[in-house]
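Asker: The opening residue of the sequence shown carries number 2 in our numbering; numbering runs sequentially from there. Beta carbons are placed, not taken as given, at the ideal position from N, Cα and C, and that holds for glycine. Have a look at this one before I ask anything.
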Amino acid sequence: MPTSTFFRLPEEKRQRLIEAAWEEFTQTSFSDVSINQIIRAAGIPRGSFYQYFADKGDLFFFLLDGTRQYFSGIMEQILKEEGGNLFALSLRSFDWFTRGQGSADPSLGRCLRVMRVNRGLDVQQIIGEKPRCLTEGLWAGTDLTGFRRKDRDFVEQVFFLLAVSLTSAVMEVLQAPDQWEAQRAQLQTRIEILRSGSVTQNEACVQQGGDQC
């Protein structure tokens with residue numbers, strides 16, 4: 002993570018470095034990323050960079066962790082608006098991240114570009130310990146009513162499967178925007194399958210409005 006010196010930088014200089022880093026990481030594979038290119042674009046001396054970050058891996062982790070926190074914040078807010086309904090969260094998140102028209106949230110777009118230029122990269126090896134898929138905020142905000150099991154490990158597995166389905170649908174739409182409606186419908190079907198396997202039958206009926214129960 003960045004040193005305290007980085008956080009004491011003027012906001013404009015800090016943002017200039019962050020934007021230069023994103024530009025490099027979204028266009029170049031991690032192994033070929035050049036610190037020299039980043040500092041030239043940011044207009045800072047090479048020595049100053051090492052006062053802020055240990056190496057390019059440290060900088061990469063900082064960028065990805067900031068994006069993870071951004072996404073988590075959005076999803077925690079959506080979950081709150083949905084009254085803690087973990088299944089409604091996935092569909093609402095799909096609408097948010099694709100903007101309802103197949104255009105990506107800018108932060109999501111940057112992450113996808115990083116993935117495209119780093120196919121096969123073991124990101125976990127770079128960033129270290131894997132963070133929980135279900136953040137503390139999401140866990141605290143989830144309504145566990147009707148879940149077959151209410152322990153965190155079980156709910157985390159449900160959330161992971163929902164997140165995989167959501168990610169798949171979003172990525173498909175970004176590659177083929179005209180498939181937005183089809184992908185949304187398919188995501189909704191997958192959510193219902195996961196819901197039926199995760200909550201009791203009576204609760205599933207309540208969440209679906211009692212239809213066909």
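Quick one: grab the DSSP three-state call for V118.
Answerer: For the purposes of this step, residue 118 is taken as the residue at position 117 of the sequence shown. Coil, per DSSP.
Asker: Excluding sequence positions up to five away, which residues of its chain have a Cβ less than 6 angstroms from the Cβ of F88?
Answerer: Taking the sequence shown and counting its residues from 1, the one referred to as residue 88 is at position 87. I192, R196.
Asker: If we require 4 or more residues per run, which alpha helix (DSSP H) segments fall completely within the stretch 39-94?
Answerer: Counting only runs of 4+ residues, the alpha helix (DSSP H) found wholly inside the stretch 39-94 occupies 47-53, 57-82, in chain order.
Asker: Let me check understanding here. Comparing Cα to Cα, which of L145, I45, Y51, E173 lies closest to Q187?
Answerer: Translated into the one-based positions of the sequence shown, residue 187 becomes position 186. The shortest C-alpha separation from Q187 is found at E173.
Asker: At the level of alpha carbons, what is the spacing between S169 and G110?
Answerer: Here the question's residue 169 lines up with position 168 in the sequence shown. Here the question's residue 110 lines up with position 109 in the sequence shown. Spanning the two alpha carbons is a distance of roughly 14 angstroms.
Asker: Buried or exposed: where does K57 fall if 16 or more other Cβ atoms within 10 Å of its Cβ makes it buried?
Answerer: The residue you call residue 57 lines up with position 56 of the sequence shown. Counting of Cβ neighbours within 10 angstroms places K57 among the buried residues, the total reaching 16 or more.
Asker: Following the continuous alpha helix (DSSP H) through S166, name the residue where it begins and the one where it ends.
Answerer: Counting from one through the sequence shown, the residue named residue 166 turns up at place 165. Counting along the chain, the alpha helix (DSSP H) containing S166 begins and ends at 153-176.
Asker: So F7 is in the alpha helix (DSSP H); what residue range does that whole segment cover?
Answerer: Counting from one through the sequence shown, the residue named residue 7 turns up at place 6. Start and end: 5-8.
Asker: Can you tell me whether F1 is buried or exposed, with buried defined as 16 or more other CB within 10 angstroms of its CB?
Answerer: The structure shown does not extend to residue 1, since the chain spans only 2 to 214, so no value can be given for it.
Asker: Is S166 close to the ligand FMN? I mean its beta-carbon at under 6 angstroms from any heavy atom of the ligand.
Answerer: Among the components of this structure there are no ligands whatsoever, and the ligand FMN is therefore not found.
Asker: Can you check whether the CB of N86 is closer than 7 angstroms to the CB of S30?
Answerer: Taking the sequence shown and counting its residues from 1, one reaches residue 30 at position 29. Taking the sequence shown and counting its residues from 1, one reaches residue 86 at position 85. It is not a contact, given that the beta carbons lie outside the stated cut-off.
Asker: What whole-angstrom Cβ distance do F54 and P107 have, given they're in contact under 8 angstroms?
Answerer: Numbered from its first residue, the sequence shown carries residue 54 at position 53. Numbered from its first residue, the sequence shown carries residue 107 at position 106. With a Cβ gap of about 23 angstroms, F54 and P107 do not count as contacting.
Asker: Mark V115 as exposed unless 16 or more other C-beta atoms lie within 10 angstroms of its C-beta, in which case mark it buried.
Answerer: Within the sequence shown, numbered from 1, the residue matching residue 115 stands at position 114. It is buried - the Cβ of V115 has at least 16 other Cβ atoms within 10 Å.
Asker: Which whole-angstrom value is the C-beta distance of L175 and L113, which I expect to be below 8 angstroms?
Answerer: On the sequence shown, residue 175 is found 174 positions in, with the first residue counted as 1. On the sequence shown, residue 113 is found 112 positions in, with the first residue counted as 1. With a Cβ gap of about 6 angstroms, L175 and L113 count as contacting.
Asker: Using 8 angstroms as the threshold, is the stretch 42-53 in touch with the stretch 15-26, meaning 3 or more CB pairs across them?
Answerer: yes
Asker: Indicate whether L135 and E157 have their beta-carbon atoms separated by less than 7 angstroms.
Answerer: Reading the sequence shown from its first residue, position 134 is the one you call residue 135. Reading the sequence shown from its first residue, position 156 is the one you call residue 157. Yes, these two residues count as a Cβ contact at 7 angstroms.
Asker: Around the C-beta of S32, are 16 or more other C-beta atoms found within 10 angstroms, so that it is buried, or is it exposed?
Answerer: Residue 32 sits at position 31 when you count from the first residue of the sequence shown. It is exposed - the Cβ of S32 has fewer than 16 other Cβ atoms within 10 Å.
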